[in-house]
RNA sequence: GGGCGAGUAGCUCAGGGGGAGAGCAUCCGGCUUACAUCCGGAAGGCCAGAGGUUCGAAUCCUCUCUCGCCCACCA
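Numbering (the working numbering), first residue to last: 4 to 820.
Set out below in C-alpha cells:
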C-alpha cells in the first residue's frame, strides 16, 4: 500500500505536480487498549484497579514507545511523505474536529442515544459496530425444546442458544401457518422460570425453519427485538457485561454463558422437555479484535443515523465524482451503502475520544464542545449551576478516521491546506477497510465539506503468505518489513510489492520474490558501474547533437522512447506491475544483454569520436532509466545519480522524444540479434568450443552487406565470428548452413562436427516454420478473413507468409545438401 | 442465501480479440576485463471443462467444476 502510494507521489512530483502526502496514524482504540491490558495482566493488574486516569497514562506511554514504529517503517521504506504534516487521531486538533463533528451531527439529529440491539463482546466488554463482527461458520446444535401450554399439551421450539430462554417473553408463529394458527393468543409456560409467554403472530417467523415456532427473546436477538418492539413485549436482559448470567437467570445466575447453556440442557433433559438435539452448522459473530463470540444484547448506546449520510455518498459515485479502481469495487460500495444500518459509535473503553455529552442531575443530555460549554448550557437550562457527569464512553476509532481527509488539514477552521488540497486526488487502500473507512470518509466529507474527500480510490490486493493465507498475528505468519529491508534492502522490498500488486484480491508474498528483486537491483548497480567507469573520461561539454548515430544507438534510443511511453501510460492507469515489468525487461534483456555488449566495440576501440558517441548514448540512456526507475527504487537511483551530480528525486519524469523513434533501426537490430542468436544456438548445439572463433559467410538476404559491414564489428564480437573473403573459406572442413529471418548464412567449421545435430536443428526449424506457415496460409486463403479483417492485419500476415516461404525454401535446400 | 476473485510451463504468476510469455526449478555449455545475485543455449503448455459470438477466442458472452474471499437478523 505504502509502496504504491510512494510510487504515485514521486511520479507525480517529478511530473510537475504539487504532490503532497499526509502521513499519520490512528489510535486503534480496541486493539491498543487490549494490548496494554494484556501487559498489565502480566503484572497482575487490571485496568479497573488502575482507574481511568492512570490507565490512560499507561496507554500513552505505550503509544510513545510503539506508536511511531509504523512511521519509522514508512521512512525506512523510503516513503516521501510531508513529515511536517504528520497527524495522530488523538492530537488536540483532530480531537477538536471529532468533537465538532459529534456536536453538529447531534444538533442535526444525525446522532442519537438510545436502547437498541447491539453486538457485545464479553471479553472486550464493549459494544461493537456491525462491521467489527466477523461471521464464522461454527458447528453447533439445534435444540428442540418443549414449552408446556397453559391449557395443557406443549409446543416445540428450536433454538441454538438455550441459555437465552431465560430472557424469553413470548413465543411467535407465522400468522399464515395453519399448524399453529389456533395457538395465537394462547399462553405457554417458560420452562425452569415458569414465566407466562403469550403466543403471538409475527411475519418474521419462517414456517420452514425448525418447528415453525420462534421463542422471542427481545433482549438478545435482533429479530426478536424487532418483534418485541412492535408488540410491546418486555425485554429481559439475562447477561452481565462479561458474559455471565445475571440475576434474571434464576438458578443459573452467575454461570458463564456457555456453562449456563449446558446447565439449561441438563435441566431440560431431566424435566423431559428436551425433544432432541440436532447438529447444526451456522454462522456466529465473533469479535474482530479478539475472536470472542459476540452476544447480541440490548444496550443504551450512541448511534449515527446513516441513511441520510449514505444517500449523497451513493450519488457522488453515481455522478462520477469518485472513481474506484478496479471498477468492480463500485458495486460492493453501493451494496453496502444501500443496505446500511445505523452505526453504533459508543465504546465502553477508555482509550479514545471521550463522548462530549454530559448528564444533568435529572439525567438529561447536554452535548457540547467541552465541559465549560456544557456548564453554560446547563446553567441556562436549570437556572443554576448543577453537577454534570460526562458520559464515560469513548467513540469508535473509525469515527475519527472518517474525518481524516479534512481533520488533518485543520478543519473546522478554514485553512490554507483545506483550500489547496481538499478534495484530494487519490486514496490508496485495501478493500478490507472499504466500509470501515472509505465509505465513511465519503459520507463525512460530503456532509461537512459538501465535497468528496478524494476523486479516485485505488483498491490494492491484500498480501497473503506463500500458502495463500491472510497474514495475521494469531496465525503467526506476519513478517516485519524492517527485517526484509535489512536482509534485502528497501528497494528490493518495494520492487517486490510493485511486482505482486497487479493481482486480483490477494497478492502472494514470498521471500524468493525478494531474491529476484535483489538480483535486478544488482543488475542495475553493475550496469551503472559499467557505464560510469566507461564514461569517466567523457568531457563535460560533449554533446550528442550533430553526431551520426550507428544502428545500435538508433535502436536503443528508439526502444527507450517506447519504454518511456509505456511506463508513463502504465503509471497513469496505476498498472504499476506492468510499468515495472517493462523497465525490468528493457534494462536486463535489451540494454544490458545487447546494447552494453554492442557498445564495447566502440568503447574498447581506437576511434575516439565513435567512443564518445557511445559514451554519450550510454550516459543519456542511464539518466533516463534512473529517472524512470526512481519512483520504484528511490534509494539505488539516488545513489547512482549522485555519482553524476544529479538529484534524481527532483528530476523531471522522462517524456518520449518522438524524433528518436526509429522503426528502421529496430528492424535492423532485430535481424542482427536473430542472426547472432542463430549462430550461438548452432554453435551450442553442434558442441563447438564456445571460445573458438568461426568464419561466417552470408549468402543471401537483404541486409547481408549491412550485417557484415556497418554491424560487422558487433557481429564479430557478439557471435564470435569473423567474415573473411571468399578465398579464405576453403580452409574450412565444411560449412554448416543456417537461416535467420531473411538471411541465410554459412558457418565454416574448423573440424568435423556432429552433422546429425545440425540436421536435427534444421529439421526442428523447418517444422516450426511449416506449422506457422500452414496456419498463416489457412488464414490468408480464407476469403472472409481477407474481406473482414483489418487491412494491416492481412498485410502483416501476407508479409509474414512471404518471409516464412523464403525461409522454408532455404531450409529445404540446406537439408537436401 | 447473495456477490466477488482466481484456475495459463514442474512451481509462483504476468498477459487479456489476430505470432502462447516471465522468474524460479530442470538439462547442456561457459569464471568472456559491469555483474557467477552472472552469460550463452535447450527442453517444457488442447491457457480448468462445455457451449456460443466472431473471418479469428487463452482473451468477449453463457453454463459447469475446483479453490479462496466478502456480505447476510433463518432462530
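Cβ coordinates follow ideal geometry from the N, Cα and C atoms, glycine included.
For residue 475, there is no enclosing beta strand (DSSP E), as DSSP marks it with neither H nor E. In the assembly as shown, residue 758 is an exposed residue. Its beta-carbon has fewer than 16 other beta-carbons within 10 Å. Note on residue 10: 16 or more other CB atoms within 10 angstroms of its CB, so buried under the neighbour-count rule. Between the segment 39 to 48 and the segment 56 to 70, the count of C-beta pairs closer than 8 Å reaches three or more; the two stretches touch. Considered as a whole, the segment 381 to 451 harbours 400 to 405, 407 to 410 and 419 to 424 as its complete alpha helix (DSSP H) runs of no fewer than 4 residues, in chain order. With fewer than 16 other beta carbons inside 10 angstroms of its own, residue 785 counts as exposed. Contact between residue 366 and residue 389 is absent: CB atoms are separated by about 12 Å, not below the 8 Å threshold. Among the bridge pairs identified by DSSP, residue 191 is matched with 152 and 200. In this structure residue 182 does not touch residue 231 by the C-beta definition: roughly 23 Å separates them, more than the 8 Å allowed.
By the neighbour-count definition (other C-beta atoms within 10 Å, threshold 16), residue 223 is a buried residue.
Taking C-beta separations shorter than 7 Å and ignoring five residues to either side along the sequence, the partners of residue 250 in its chain run 256, following chain order.
Taking the C-beta atoms as reference points, residue 644 is found nearer than 9 Å to residue 629. Straight-line spacing of the CA atoms in residue 543 and residue 631 works out to 23 Å. A contact is defined here as three or more CB-CB pairs under 8 Å, and the segment 99 to 107 meets this definition with respect to the segment 390 to 408.
The C-beta separation of residue 152 from residue 189 comes to about 6 Å, placing the pair in contact by the 8 Å criterion. Judged by their CB atoms, residue 706 and residue 747 are not nearer to each other than the 9 Å cut-off. Taking the Cα positions, residue 510 is about 35 Å away from residue 121.
Annotated three-state conformation of residue 635 is coil, per DSSP. With three or more CB-CB distances shorter than 8 Å, the segment 342 to 357 counts as touching the segment 292 to 308. Contact annotation: the segment 633 to 648 touches the segment 490 to 498, with at least three C-beta pairs closer than 8 Å. Under the DSSP assignment, residue 649 falls outside any alpha helix (DSSP H); it carries neither an H nor an E label. Between residue 207 and residue 175, the C-beta gap is smaller than 9 Å, which places the two residues in contact.
Of all alpha-carbon atoms in 129, 59, 95 and 94, the one lying nearest the alpha-carbon of residue 33 is that of 129.
With fewer than 16 neighbouring CB atoms inside 10 Å of its own CB, residue 482 falls in the exposed class. Residue 384 is classed as exposed because its beta carbon has fewer than 16 other beta carbons within 10 Å across all chains shown.
Taking a C-beta distance under 9 Å as the contact criterion, residue 433 and residue 456 do not qualify as a contact pair. The secondary-structure analysis by DSSP pairs residue 751 across a beta bridge with 698 and 738. Non-local C-beta neighbours of residue 393 in its own chain, meaning closer than 6 Å and more than five positions away in sequence, comprise 361, ordered along the chain. Counted as a single uninterrupted DSSP element, the beta strand (DSSP E) harbouring residue 288 occupies residues 277 to 290. Counting the other CB atoms within 10 Å of its CB gives residue 556 a total of 16 or more, which places it among the buried residues. Apart from the 5 residues on each side of it in sequence, residue 49 sits with its Cβ closer than 8 Å to the Cβ of 40 and 43 in its chain, given in chain order.
Listed in chain order, the non-local C-beta contacts of residue 115 below 7 Å within the same chain comprise 306 and 308, local neighbours out to five positions each way being set aside. Secondary-structure assignment with DSSP links residue 483 through no beta bridge to anything.
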